[in-house]
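Have a look at the structure below, then the notes.
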Amino acid sequence: MGSATTLANEYHERATTYSVNLYSKQRDVLAFDNIMMLKTLKCAVRVVWIYRRSQWVALFTTDLDLTVTQVIGYYGARWNKV
65 MGSATTLANE YHERATTYSV NLYSKQRDVL AFDNIMMLKT LKCAVRVVWI YRRSQWVALF
125 TTDLDLTVTQ VIGYYGARWN KV
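Read the sequence shown against the numbering used here and you will find it ends at 146, with the numbers running on by one and no gaps.
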């Protein structure tokens with residue numbers, strides 16, 4: 065399967081732009097998601113790769129029913145200062 069970096073580079077070309085409410089603003093986010101089996105947890109996870117100018121971030125969730133925008137929004141809410 066490869067490392068997270070290898071997969072991020074491979075999936076970058078297949079990424080889609082999503083409109084997500086982050087930090088009280090509607091923002092366009094380039095992301096790709098895939099469901100994979102995580103060996104350490106022995107369960108399926110949804111991995112969402114978010115691409116920025118020169119870097120990427122991988123977000124993980126075991127809730128396979130969440131959409132890409134929900135995963136990004138929930139992670140963003142963790143750092144949102146209300």
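The beta-carbon is built from N, C-alpha and C at its ideal position, and this holds for glycine as well.
Item to complete: Measure the C-alpha to C-alpha separation of A79 and A68 and round it to an integer number of angstroms.
Response: 15 angstroms
Fill in: Other residues of its chain near M101: CB distance less than 7 angstroms, five sequence neighbours each side excluded
A108
Worksheet entry | A95 vs I114 beta-carbon contact at 8 angstroms | yes
Worksheet item: So what does DSSP say about R116, is it helix, strand or coil?
Response: coil
Fill in: 8 angstroms Cβ cutoff met for R110 and D92
no
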